[in-house]
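Engineer: In this note's numbering, the protein residues as written are 313 to 627.
See below:
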């Protein structure tokens, strides 16, 4: 993801350097043949390439809008992943019944939090077709690593581990039925977000549409010198190069935006978002562990609720 406000011109022009080279070579050769080897006039009305250019502008505008919609949808989905991850850990820390602040409960919450962080990193890596195990080795136990390695979809396996621990905690009466349902709903929304990302990743933008745009653009570039040769002569070379380069640049931008999970600078910043999630969740866990350490250090026990308070809530 490009995070700088000022993008180097070298980077921008580097995306269309091949097209610019071919475009400039074509216009130079056209001018040379027209002035030195061809005595017959080959001029055409400028209105013809103008109409083709208008059509290309409309097609590129439509493609750019559709590509940006895909990119923006991916960003919205990852924004929901941030919110749902915070919600999941908040529910875990507040719902889990642990009146004595036991070590077992502390380890359960810590493992669950780290596993959710691992889910975020593994999802981003798998969407980019990269190794989803490497960034999560320090976040999962050896048993959990062996379990997820047996699955083709690593993030889905991690959600399965979440559900397993939730079921065990419910069996041990750490959660009641309503709390289990609420946490399971959060896991369901995370699974939905994962499926939406996979849908964007696996749905290919129509290749025929891109092919037709490229063919029309090439036709426009071929005809443009014929319409400008009588007006600008040699000055047509830089002008045609700039005009054609602009169209190619817009097309390239749309191509990059239409695939937000291809590990390009224009991608949705899934790794940066996962890092933010890690900081947030670990801070939530640290605050809980600080309370846990205070309880253990001073051997404090939560005060039991008074009888009159119990009577007050029973109507």
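We treat Cβ as the ideally placed atom computed from N, Cα and C, and that holds for glycine.
Indicate the three-state DSSP secondary structure (helix, strand or coil) for residue 331 in the structure shown.
Structural biologist: helix
Engineer: Between which two residues does the alpha helix (DSSP H) containing residue 456 stretch?
Structural biologist: Element bounds for residue 456: 454-461.
Engineer: With C-beta atoms as the reference, is residue 438 less than 8 Å away from residue 466?
Structural biologist: yes
Engineer: Among residues of its own chain, excluding the 5 on either side of residue 525, which ones have a beta-carbon nearer than 8 Å to its beta-carbon?
Structural biologist: 368, 371, 372, 375, 563
Engineer: Where do the N-terminal and C-terminal ends of the alpha helix (DSSP H) with residue 576 fall, by residue?
Structural biologist: Careful: residue 576 lies outside any alpha helix (DSSP H) and carries neither H nor E.
Engineer: Give every residue of the same chain whose Cβ lies closer than 6 Å to the Cβ of residue 481, excluding the five residues on either side of it in the sequence, and list them in chain order.
Structural biologist: Annotation for residue 481: 487 place their beta carbon closer than 6 Å to its own, counting only its chain and skipping 5 residues before and after.
Engineer: Do you know how far the Cα of residue 401 is from the Cα of residue 428?
Structural biologist: 8 Å
Engineer: So which of 337, 322, 327, 359 has the shortest CA-CA distance to residue 535?
Structural biologist: 359
Engineer: Under 8 Å Cβ to Cβ from residue 348, same chain only, skipping five residues before and after it: list those, please.
Structural biologist: none
Engineer: Please name the residue, chosen from 430, 566, 579, that lies closest to residue 456 on a Cα-to-Cα basis.
Structural biologist: 430
Engineer: Looking at the structure shown, is residue 478 part of a helix, part of a strand, or coil, going by DSSP?
Structural biologist: helix
Engineer: With DSSP collapsed to three states, give me the class of residue 451.
Structural biologist: For residue 451, the secondary structure class from DSSP, reduced to helix, strand or coil, is coil.
Engineer: According to DSSP, is residue 581 helix, strand or coil?
Structural biologist: coil
Engineer: Less than 8 Å between the CB atoms is what I'm expecting for residue 265 and residue 448, so what's the real figure, rounded?
Structural biologist: The displayed coordinates of the chain run from 313 to 627. Any statement about residue 265 would go beyond what the structure contains.
Engineer: Whole angstroms are fine: how far does the CA of residue 588 sit from the CA of residue 393?
Structural biologist: CA-CA distance, residue 393 to residue 588, rounds to 11 Å.
Engineer: What's the gap between the Cα of residue 595 and the Cα of residue 413?
Structural biologist: The alpha-carbon atoms of residue 595 and residue 413 are separated by roughly 18 Å.
Engineer: In whole angstroms, what is the alpha-carbon distance linking residue 539 and residue 551?
Structural biologist: 12 Å
Engineer: Taking the alpha carbon of residue 495 as the reference point, which residue from 511, 477, 509 has its own alpha carbon closest?
Structural biologist: 477
Engineer: Identify the continuous alpha helix (DSSP H) that holds residue 497 and give its terminal residues.
Structural biologist: 489-514
Engineer: In three-state terms, what does DSSP make of residue 380?
Structural biologist: Under the three-state reduction of DSSP, residue 380 is assigned to helix.
Engineer: What's the C-alpha gap between residue 459 and residue 586?
Structural biologist: 22 Å
Engineer: Return the CA-CA distance between residue 365 and residue 555, expressed in angstroms with no decimal places.
Structural biologist: 10 Å
Engineer: Beta carbon of residue 451, beta carbon of residue 474: below 8 Å?
Structural biologist: Contact flag unset, no.
Engineer: Quick one: measure Cβ to Cβ for residue 569 and residue 390, integer angstroms, because I've assumed they're closer than 8 Å.
Structural biologist: Contact flag wrong, Cβ pair sits at about 15 Å.
Engineer: Relative to the C-alpha of residue 345, which residue among 537, 484, 422 is closest?
Structural biologist: 537
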